[in-house]
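*Asks:*
Protein chains in written order, with my numbering: chain A, 762 to 1095; chain B, 8 to 379.
What follows is the structure in structure tokens.
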């Protein structure tokens, strides 16, 4: 694709549109899904199947007054929700949806996305600290320790994949997995390596993605029964709305990355089925993962903060490091 | 510019949990001195919903005050009404027909199950699991519908009368109870599968907030709080009243002393209540529901009377000092949650805030009942 200005603008607009649409409609999907799980209808009044609920919620949030608590750090207070949403949208620019649909093909796509993802932790810290609310501060401290604990195993697993493919370009990582479900990195016999721990790596990555996006059972940052609403206790109006949308945009990015790195991206599970366009497969895969995330949220109680940190430091990090070593060894031998 | 949160010289800060906080399920305030996420000391502050029930007891006549009892505890209202009517009947010497006592036992146990179901849902929600609440409320709804048909209300029942009942039960009620029992047993299995076996749930509760027998005795704890700490005490068994001696049921007791033990006791109590209801329906005698000669004006003779009952929240006692007039001289309400709650201050020292709030959930607090 030629990198003309027009192309970039169109691509970025589509990326932003996709992110915003997903963020809005995942809220609807989550509420409907929760309704199904809990034997109740969920939002079903506004529009067919309640489909007008997200825009109406958006209008309601925008129409509300933005209240900045007295004693709050104004600049940070306003910057935090923007910081929560903006990196998520920018990340979409580097995410390929099929072999042709990509806004901007970066050679260091994986690195860029993780760099943007780290900004999410900072936004929670800003929000908590600037609100001048004790619950918010406690929540942001939790969020930061959580972000540190879970970025390490996540990055180590990503390094494992990068080692196998030898590239950080997301397009090339997917190309390396082409040729049916048995070639995907989520399977142990990937790339002729026969690494038995790849499935475990996939699970580690998925757990870390849950923790990184502050989703249940790792939603300690906004543990509503303890910290009221956590870091966004003092936010109303669109400030809260941006945090909310940012959370869902991050979920989409998390599931996109899981799909790209471990589930073969837009590759059809069987070569026979490759007449269906790649983007369809890609969307099927990410929405399956998102459905799983929603399902987990409405099934499990919340972990404790020490349970969460123990899981990362004592189990996930050693296991992912071990797999990194094993993969490196196998690459040398095979 | 912003002002940083002021830390005490020794780096602790005061956190006010409540009076409006999702974990306290009411207007309870807990003043916690925190060291990061650890609780250095806690102080429960009550009185935000004090309604002077005891004073009202003195200035109102007996039948007038009777309505207040169901306003004490909005989840298990029938148990409190039961204690009051038993006390007045004892004091004024009113004979109660056997059928009325059986129906009282059945409805009290139904109400106990409803209360435990709500507690179960709210407790799991305190731990971050939202769905079990919805399931529990569906089963509770079934009970409320049944009780609404015969008592006329869904929450603050005033179903009993001095000497009997307001309304007799009919075949439709008995049918619905018979349908409810297997349904509830099935739901219990579902709850155990969904919640009790869940690894996160177990890890959070096992070993959380150990309450020794001595602490329970010191504060006068009752209900699942005491029985989860190995104290085999249930008013229905230890100071039998009403028709409970006729029933065959167990008192679940666990010796682990942790929040999981308290959880298990309550879940087992649902099963025991189902057994009592089953036997009550089977043994239900025919006959009147009000005595032939119920006194119009209640004037207990001069004296000092006491009645304890086992409500969903524990040992509820009423003491009545009568001077022989239409109004009591003194009416003391001993509410179980009041005693159960005061364990919290001592036990939560050194716990993380999330463990402390899980512990608070396991105490099954109903705030209007503490403040009275």
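Glycine included, every Cβ here is placed at the ideal spot set by N, Cα and C.
#1: Is residue 911 of chain A close to chain B, meaning its C-beta is less than 9 Å from at least one C-beta of that chain?
#2: For a contact defined as C-beta to C-beta under 9 Å, what are the partners of residue 899 of chain A on chain B?
#3: Among B:115, B:364 and B:139, whose alpha-carbon lies nearest the alpha-carbon of residue 162 of chain B?
#4: So, helix, strand or coil for residue 314 of chain B, using DSSP?
#5: Which of the three DSSP states, helix, strand or coil, is assigned to residue 341 of chain B?
#6: Quick one: list the residues of chain A neighbouring residue 133 of chain B, beta-carbon separation under 8 Å, in chain order.
#7: Can you give me the Cβ contacts of residue 829 of chain A inside the same chain, cut-off strictly under 7 Å, excluding the 5 residues immediately before and after it?
#8: Cα-Cα, which of A:969, A:815 and A:795 is closest to residue 1081 of chain A?
#9: In terms of alpha-carbon separation, which member of B:259, B:244 and B:77 lies closest to residue 253 of chain B?
#10: Three or more C-beta pairs closer than 8 Å, one from the region 79 to 87 of chain B and one from the region 258 to 271 of chain B: is that the case here?
#11: Below 9 Å on C-beta distance, what does residue 804 of chain A contact in chain B?
#12: Taking the straight line between their C-alpha atoms, what separation do you get for residue 918 of chain A and residue 1019 of chain A?
#13: Who are the neighbours of residue 136 of chain B on chain A, taking C-beta pairs under 9 Å?
#14: Compile a chain-ordered list of the residues in the region 777 to 811 of chain A whose CB is closer than 8 Å to at least one CB of chain B.
#15: Does any residue of chain B bring its CB to less than 9 Å from the CB of residue 821 of chain A?
#16: At a Cβ threshold of 9 Å, is residue 874 of chain A touching chain B?
#17: Going by DSSP, what residue range makes up the beta strand (DSSP E) through residue 891 of chain A?
#18: Can residue 853 of chain A and residue 1013 of chain A be called in contact, C-beta distance under 9 Å?
#19: If you measure beta-carbon to beta-carbon, which residues of the region 26 to 38 of chain B are closer than 8 Å to chain A?
#20: Does the beta carbon of residue 896 of chain A come closer than 9 Å to any beta carbon on chain B?
#21: State the DSSP-derived secondary structure class of residue 1031 of chain A, mapped to helix, strand or coil.
#22: When the Cα atoms are used, what is the spatial distance from residue 51 of chain B to residue 58 of chain B?
#23: Write down the C-beta distance between residue 171 of chain B and residue 323 of chain B rounded to the nearest angstrom, noting that I regard them as a contact closer than 8 Å.
#24: Bridge partners of residue 325 of chain B, per DSSP?
#25: Taking only runs that begin and end inside the region 172 to 255 of chain B, name each unbroken alpha helix (DSSP H) of 4 or more residues, in chain order.
#26: Where does the unbroken alpha helix (DSSP H) through residue 854 of chain A begin, and where does it stop?
#27: My output table needs one value for residue 42 of chain B: the three-state DSSP class, helix, strand or coil.
#28: Going by DSSP, what residues sit across from residue 23 of chain B in a beta bridge?
#29: Since residue 155 of chain B is in the alpha helix (DSSP H), which residue starts that stretch and which ends it?
#30: Indicate whether at least one CB of chain E lies closer than 9 Å to the CB of residue 147 of chain B.
#31: With DSSP as the reference, label residue 1093 of chain A as helix, strand or coil.
#32: Using 9 Å as the limit for Cβ to Cβ distance, is residue 109 of chain B near chain A?
#33: I'd like the list of long-range same chain contacts for residue 214 of chain B, defined as Cβ closer than 6 Å, with 5 residues on each side in sequence excluded.
#34: Measure from the C-beta of residue 1066 of chain A to each C-beta in chain B and report whether the shortest distance is under 9 Å.
#35: Kindly provide the ranges of any alpha helix (DSSP H) runs that are 4 or more residues long and lie completely inside the region 60 to 123 of chain B, ordered along the chain.
#36: List the endpoints of the continuous alpha helix (DSSP H) containing residue 285 of chain B.
*Replies:* Reading it off the structure:
#1: Translated into the one-based positions of the first chain, residue 911 of chain A becomes position 150. For residue 911 of chain A, the answer is no, since every Cβ of chain B falls outside 9 Å of its Cβ.
#2: For the purposes of this step, residue 899 of chain A is identified with residue 138 of the first chain, where counting begins at 1. Here the neighbours are 22, 41, 43, 44 and 360.
#3: Start at 1 with the first residue of the second chain, and residue 162 of chain B comes out as number 155. Comparing Cα positions, the closest option is B:115.
#4: Sequence index remark: in the second chain, residue 314 of chain B carries index 307 (1-based). Residue state, collapsed to three classes: strand.
#5: Within the second chain, the letter at position 334 stands for residue 341 of chain B. Of the three classes helix, strand and coil, the one that applies to residue 341 of chain B here is strand, per DSSP.
#6: Counting from 1 along the second chain, the entry for residue 133 of chain B is found at position 126. Ordered by position in chain A, the residues that pass the 8 Å Cβ test against residue 133 of chain B are 986.
#7: To locate residue 829 of chain A, count along the first chain from 1; it is residue 68. Cβ neighbours of residue 829 of chain A beyond the five flanking positions: 835 and 838.
#8: As a first step, residue 1081 of chain A must be located in the first chain, where it is residue number 320. For residue 1081 of chain A, the nearest C-alpha among the options comes from A:969.
#9: Counting from 1 along the second chain, the entry for residue 253 of chain B is found at position 246. When each option's Cα is compared against that of residue 253 of chain B, the closest is B:244.
#10: no
#11: Looking up residue 804 of chain A in the first chain gives position 43. Per Cβ cutoff of 9 Å: no residues; residue 804 of chain A is ~15 Å from chain B at best.
#12: For the purposes of this step, residue 918 of chain A is taken as the residue at position 157 of the first chain. For the purposes of this step, residue 1019 of chain A is taken as the residue at position 258 of the first chain. Near 11 Å, if we compare the C-alpha coordinates of residue 1019 of chain A and residue 918 of chain A.
#13: Translated into the one-based positions of the second chain, residue 136 of chain B becomes position 129. Those within 9 Å of residue 136 of chain B in chain A are 977, 978, 1059, 1060, 1061, 1062 and 1063.
#14: 795, 798, 799, 800 and 801
#15: As a working note, residue 821 of chain A is residue 60 in the first chain. Not an interface residue.
#16: Here residue 874 of chain A is taken as the residue at index 113 of the first chain, counted from 1. Not one chain B Cβ lies under 9 Å of residue 874 of chain A.
#17: Working through the first chain from its first residue, we reach residue 891 of chain A at position 130. Careful: residue 891 of chain A lies outside any beta strand (DSSP E), inside the alpha helix (DSSP H) at 870 to 892.
#18: Locating residue 853 of chain A in the first chain gives position 92, where the first residue counts as 1. Locating residue 1013 of chain A in the first chain gives position 252, where the first residue counts as 1. Yes, these two residues count as a Cβ contact at 9 Å.
#19: 28, 29 and 30
#20: Residue mapping note: residue 896 of chain A aligns to position 135 of the first chain, counting from 1. For residue 896 of chain A, the answer is yes, since a Cβ of chain B falls inside 9 Å of its Cβ.
#21: To locate residue 1031 of chain A, count along the first chain from 1; it is residue 270. Of the three classes helix, strand and coil, the one that applies to residue 1031 of chain A here is coil, per DSSP.
#22: Your numbering for residue 51 of chain B matches position 44 in the second chain. Your numbering for residue 58 of chain B matches position 51 in the second chain. If I take the Cα positions, the gap works out to 18 Å.
#23: As a working note, residue 171 of chain B is residue 164 in the second chain. As a working note, residue 323 of chain B is residue 316 in the second chain. Actually they are not in contact, since the Cβ atoms of residue 171 of chain B and residue 323 of chain B sit about 21 Å apart, beyond 8 Å.
#24: Your numbering for residue 325 of chain B matches position 318 in the second chain. Bridge partners of residue 325 of chain B: B:314 and B:340.
#25: 178 to 198, 206 to 212, 220 to 226, 230 to 234 and 242 to 245
#26: As a first step, residue 854 of chain A must be located in the first chain, where it is residue number 93. It spans 835 to 855 - the alpha helix (DSSP H) in which residue 854 of chain A sits, taken as one unbroken run.
#27: What you label residue 42 of chain B is simply residue 35 of the second chain in a count that begins at 1. The answer is strand: DSSP assigns residue 42 of chain B an E or B state.
#28: Numbered from its first residue, the second chain carries residue 23 of chain B at position 16. B:38.
#29: Residue mapping note: residue 155 of chain B aligns to position 148 of the second chain, counting from 1. Counting along the chain, the alpha helix (DSSP H) containing residue 155 of chain B begins and ends at 138 to 158.
#30: Looking for chain E here will not work: the only protein chains present are A and B.
#31: The residue given as residue 1093 of chain A occupies position 332 in the first chain. Correct three-state label for residue 1093 of chain A: helix.
#32: Numbered from 1 along the second chain, position 102 holds the residue referred to as residue 109 of chain B. It does not; no Cβ of chain A falls within 9 Å.
#33: Residue mapping note: residue 214 of chain B aligns to position 207 of the second chain, counting from 1. Around residue 214 of chain B: 265.
#34: The count along the first chain starts at 1 and reaches residue 1066 of chain A at position 305. Judged by the 9 Å Cβ criterion, residue 1066 of chain A is in contact with chain B.
#35: 60 to 66, 69 to 79 and 84 to 99
#36: Residue numbering aside, residue 285 of chain B sits at position 278 when the second chain is read from its first letter. Note, residue 285 of chain B: alpha helix (DSSP H), 266 to 290.
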